[in-house]
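Participant:
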Amino acid sequence: MADWLGRRRQRQRRKKTRHRKTKRAKDVRGDFISSMPDEILHHILSFTVTISAIRTSALSRRWRHLWRELTSLYIHDFGPQARGINQILIHYTAPKIMCFHLGIYNDNHSTAQINSWIEFAMSRRVQDLSLTFFNHRKYTFPDFFNLSSSIEQLSVKLRDRHMIPGATVSWESLRNLSLRRCRIRDESIVTIISGCPKLEFLALYYCGVFNCLDLSKSLSLTRLEMKHHRWGSRPTKIIAPNIHYLRLETSDTCNLVDVSSLTEAYLDIGIDGNFSFRVDFLLTMVLKMIAKVQNVERLTILSVAEIRRFPFRVLRVQTLIVKIKFVRSVIPGIAWLLQNSPGLKKLIVHTTDKGSMMDDKYVDFYLDSQGLKLDKYWRLKYGAFPTSCETHSMLRSKRFNVETIGIVHRMSAEKHQDARGTGCMVGRF
């Protein structure tokens, strides 16, 4: 009897043990994310704004202090986070910050407060620093902001306010610099560039005060991006003999003085409105820009309506990418580019219904003023293509895609014949 009771108790203990192990395994499977190492959880939370990461502390004890060790902080001053920026930084315990993004969208904070937040990030040797000041009109950067040996990527976005650096700028490790709506003068650009010996990428978006961008002394700079809109001002000179990649979006004059090392260029010469009186000016500007990038291997161009069949030197481009609206006025420009690119190996054409486009009537007016017969020049030859007005009408009636596909395929066959065996490709229609 005693043996039977003993065996029964053993079976019950083994059963309870198996039950506990099964329950523990189910709990682990049910909360798989919490079982991950802290490094993985920190990486996951780094893709969210900081206030969302803080909310995860209510999940369990495992998550209570997890956000304090994040290496990326995304802080803004609107919503529930508006009054808690100081508290967030007080409870933050990570010794080093990889990314620090600060967005100020109102004037409720003093300059001293903002300076303390930036100083906090720089004291933790931040590598990626992003600052956005939308409505804070009285703020000026402190002197310590101009001195850093840890920042490798810097992005500053102001609301059309002057960015005036101090007498000395020393960003020894900076490789990527992006400035948006920062009104910068020529002398300020010289000061900034001279303090960045390792700068590789520079982006200037709507920073329309300077007249000359001289990057000749920046030997490590290889990529330049500019979005530039300044009507009625003097041409902006660009001196960048060391850059390999240029992306230029402009609706006004840019003089490419020296871009002799370019291998890839992206040109978007836009037209804001119906500026019929600027047709001649735009034509001249586009031709001059293309002359400066004639030796690149890869060229992307978004404005071919202004290009006409005028005497011009041969392009050495191997890959040509054209992004256009398929209207009658752009076809001569495409033909002109193909005829002047004997070494072309690949042609990619993207059709789009977005962006600005010069109306056909202004092109007609310009050609007529030059004494060219429109019917002989391009109107009859490319009559199969719709005009800009017809294109808008087809878009409204949803016939654009069907009619354009047939036209583009016919053009593709003709251009393959005109390419004289260069192996051109027309894709992504």
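Reminder that position 302 of the sequence shown reads as 302 in the UniProt record's numbering, one-by-one numbering, no gaps. All residues carry an ideal CB built from backbone N, CA and C; glycine is no exception. Please read these numbers as outputs of a predicted model, since none were measured by experiment.
1. Starting from the Cα of S220, find the closest Cα among R68, L199, L248 and L337 and give me that residue.
2. Checking 8 Å against the spacing of the C-beta atoms, do H42 and T71 come in under that value?
3. Could you check how far apart the C-beta atoms of V317 and S341 are, in whole angstroms? I think they sit under 8 Å.
4. I need the DSSP call for S194, collapsed to helix, strand or coil.
5. Could you give the residue range of the alpha helix (DSSP H) that holds F120?
6. Taking the alpha carbon of R180 as the point to measure from, which residue in L73, T132, I238 and T93 has its own alpha carbon closest?
7. Would you decide whether F47 is buried or exposed? Buried here means 16 or more other CB atoms lie within 10 Å of its CB.
8. Starting from A203, trace the beta strand (DSSP E) in both directions and tell me its first and last residue.
9. Curious, which full-length beta strand (DSSP E) runs of at least 3 residues does the region 238-268 contain?
10. Using the C-alpha atoms, what's the distance from H65 back to residue 502?
11. Can you tell me where the beta strand (DSSP E) with H350 in it begins and where it stops?
12. Give me, in chain order, the residues of the same chain whose beta-carbon lies closer than 7 Å to that of G166; leave out the 5 immediate sequence neighbours on both sides.
13. Give the secondary structure of T236 by DSSP, where H, G and I count as helix, E and B as strand, and everything else as coil.
14. Here's the rule: buried if 16 or more other CB atoms are within 10 angstroms of the residue's CB, otherwise exposed. What is H91?
15. Let me check understanding here. Comparing Cα to Cα, which of K345, K288 and S130 lies closest to K157?
16. Taking the beta carbon of G343 as the centre, do at least 16 other beta carbons fall within 10 Å, making it buried, or is it exposed?
17. Is Q318 helix, strand or coil when you go by DSSP?
18. Alpha carbon to alpha carbon, how far is I40 from I88? Give it in angstroms, no decimals.
19. Which residues does DSSP list as the beta-bridge partners of V156?
20. Determine the direct distance from the alpha carbon of L347 to that of P386, and round the result to whole angstroms.
Facilitator: Let me lay it out:
1. To locate residue 220, count along the sequence shown from 1; it is residue 220. When each option's Cα is compared against that of S220, the closest is L199.
2. The count along the sequence shown starts at 1 and reaches residue 42 at position 42. The count along the sequence shown starts at 1 and reaches residue 71 at position 71. Contact: yes.
3. The residue given as residue 317 occupies position 317 in the sequence shown. The residue given as residue 341 occupies position 341 in the sequence shown. Yes, V317 and S341 are in contact; Cβ-Cβ is about 5 Å, under 8 Å.
4. In the sequence shown, residue 194 corresponds to position 194, counting from 1. S194: helix per DSSP, three-state reduction.
5. As a working mapping, residue 120 is identified with position 120 in the sequence shown. Annotation for F120: the continuous alpha helix (DSSP H) segment containing it runs T111 to S123.
6. Looking up residue 180 in the sequence shown gives position 180. Measuring from the Cα of R180, the nearest candidate turns out to be T132.
7. Position 47 of the sequence shown, counted from the first residue, corresponds to residue 47. Counting Cβ neighbours within 10 Å, F47 comes out exposed, since fewer than 16 surround it.
8. By 1-based counting over the sequence shown, the position of residue 203 is 203. Segment F201 to Y205, the beta strand (DSSP E) holding A203.
9. 245-250 and 254-258
10. Since the first residue shown for the chain is 1 and the last is 429, residue 502 is missing from the structure and cannot be characterised.
11. Taking the sequence shown and counting its residues from 1, the one referred to as residue 350 is at position 350. First-last of the beta strand (DSSP E) with H350: K346 to T351.
12. Counting from 1 along the sequence shown, the entry for residue 166 is found at position 166. Within the same chain, and ignoring the five residues on either side of G166 in sequence, the residues whose Cβ sits closer than 7 Å to its Cβ are D143 and N146.
13. In the sequence shown, counting from the first residue as 1, residue 236 sits at position 236. Residue state, collapsed to three classes: strand.
14. The residue labelled residue 91 in the question sits at position 91 within the sequence shown. With fewer than 16 Cβ atoms within 10 Å of its Cβ, H91 is classed as exposed.
15. Along the sequence shown, one-based indexing puts residue 157 at 157. Out of K345, K288 and S130, S130 has the C-alpha closest to the C-alpha of K157.
16. The sequence position of residue 343 within the sequence shown is 343, counting from 1. So G343 counts as exposed.
17. By one-based count along the sequence shown, residue 318 stands at place 318. Q318: coil per DSSP, three-state reduction.
18. As a first step, residue 88 is located in the sequence shown; it is residue number 88 there, counting from the start. As a first step, residue 40 is located in the sequence shown; it is residue number 40 there, counting from the start. Here the C-alpha atom of I88 lies approximately 22 Å from the C-alpha atom of I40.
19. Locating residue 156 in the sequence shown gives position 156, where the first residue counts as 1. L131 and L179, per the DSSP bridge assignment.
20. The sequence position of residue 386 within the sequence shown is 386, counting from 1. The sequence position of residue 347 within the sequence shown is 347, counting from 1. Roughly 22 Å separates the two Cα atoms.
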